[in-house]
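Asker: Below you will find the structure I want to go over with you.
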Amino acid sequence: MRTPTLHRRQALSSDAPQRGEVNILVAGLIPALIIAIGLVVDGGGRLQAADHAQYAAEQAARAGAQEQDISEAQYGRPPTLDEAAAIAAAESHLAAAGVSGQVDHVQGASIAVRATVTYETKFLALIGIRSLTAEGSAEARAVRGITQEGS
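Numbered as in the working numbering, the sequence shown ends at 273 without a single skipped number.
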């Protein structure tokens with residue numbers, strides 16, 4: 123009976139050499155865990171980038187829609203946009219928001235804007251995905267009054 127306890131004591135003593143083993147399952151789960159964490163963290167970051175792109179596009183479209191052609195408005199005609207001023211206002215707003223984007227079109231009283239935001243990944247860069255892009259688009263229309271559109 124003393125022999126098993128003696129071996130056990132020798133195995134637990136600091137003088138005895140220790141061997142380490144890594145379970146194959148654990149070795150396989152570590153990369154999967156990193157990828158799962160990456161999908162959560164970087165997926166959330168991409169969603170936040172998409173929200174930022176959408177918000178920037180909406181604000182840029184609103185800024186562009188405020189640039190009405192005064193020469194038409196002073197005669198009581200339906201609102202129309204000053205195309206050059208609307209594009210400049212929208213692009214200026216996109217630049218101030220720190221996003222890239224463009225004005226898709228200015229037509230009559232409406233303006234359409236698209237914004238793009240690039241998210242630099244934190245965890246997915248470990249597997250070669252360095253960035254994710256997100257886009258947002260919006261359209262705004264100049265109206266006269268608060269109850270009627272156009273006329």
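For every residue, glycine included, the Cβ atom is placed at its ideal position computed from N, Cα and C.
Using beta-carbon positions only, say whether ALA218 and VAL235 come within less than 8 Å of one another.
Answerer: Taking 8 Å as the Cβ cut-off, ALA218 and VAL235 do not qualify as a contacting pair.
Asker: To the nearest angstrom, how far is the alpha carbon of ILE251 from that of THR243?
Answerer: Looking at the two C-alpha atoms, the distance is approximately 7 Å.
Asker: Could you tell me the alpha carbon to alpha carbon distance between ALA149 and ILE157, rounded to whole angstroms?
Answerer: Straight-line Cα distance between these residues: approximately 14 Å.
Asker: Quick one: what does DSSP say ARG184 is sitting in, helix, strand or coil?
Answerer: Three-state result, ARG184: helix.
Asker: Just mark ALA162 as buried or exposed, buried being the case when its beta carbon has 16 or more other beta carbons within 10 Å.
Answerer: Reading off the sequence, residue 162 comes out as Val, not Ala. Exposed, since its Cβ has fewer than 16 Cβ neighbours within 10 Å.
Asker: Helix, strand or coil for ARG266, going by three-state DSSP, please let me know.
Answerer: Here ARG266 sits in coil by DSSP.
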